[in-house]
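Following our numbering, the numbering of the sequence shown begins with 525 at its first residue and continues without gaps.
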Amino acid sequence: MENQLNLNEIESKSWICNYLEKKGIINKKEFFILSRFGAWVTENYPLIIKAYWSYLEKLMEKFDNEESLENSKKIFRPWVDETINYIKSSQYNRAYHSFCMMVIFLTEKYNSNHELFSKKELEVYLGLKKSIEDRRILV
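This is the structure in structure tokens:
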């Protein structure tokens, strides 16, 4: 029962997924796949997901105010396809990396001055960004 509560909480706080579903960029099945992937992220990267829950709602609101639906589709649809393919083939770390790259892209474009961050969220974001950059150097 406790696991179900966590999954419901994840679905309710899946800000990118909620935005994409509300705008008709993803369907219910894709929403389910992406939001359930959040359970894996919660287990494996709990600090990241907590920062995501608090920060990305603000970021997605700003994004929605600045981007047209057409541009939103161009930005997110390829990412959704790639990430869902990773999830379906059990390549969860690749899906996580894809998710992180999207968060970095959105942040650098729509919150480049980092004004939407609390101090703790900024620390988590900068750590995430560094870990992804370090990983790119190693690959």
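Virtual Cβ for every residue (Gly too), placed ideally from N, Cα, C.
- Message: Between the alpha carbons of K654 and F623, how many angstroms are there, rounded?
- Response: 15 Å
- Task: Could you tell me how far apart the beta carbons of E554 and I608 are, in whole angstroms, since I believe they sit closer than 8 Å?
- Result: 6 Å
- Task: May I have the straight-line CA-CA distance separating Y579 from W603, to the nearest angstrom?
- Result: 20 Å
- Quick one: using the 10 Å Cβ neighbour count with 16 as the cut-off for buried, is L571 buried or exposed? exposed
- Message: To the nearest angstrom, how far is the alpha carbon of H621 from that of A575?
- Response: 16 Å
- Assigned exposure category for E645 - 16 Cβ within 10 Å defines buried: buried
- Item | C-beta contact flag for L640 and L583 at 7 Å | yes
- Can you grab the Cα-Cα spacing for the pair I599 / E590, in whole Å? 13 Å
- With 16 other Cβ atoms within 10 Å as the buried cut-off, status of E647: exposed
- Reduced DSSP secondary structure (H/G/I, E/B, other) of N637: Look at N637 here: in three-state DSSP terms it is coil, with no helix or strand label.
- DSSP three-state call for I550: helix, strand or coil? coil
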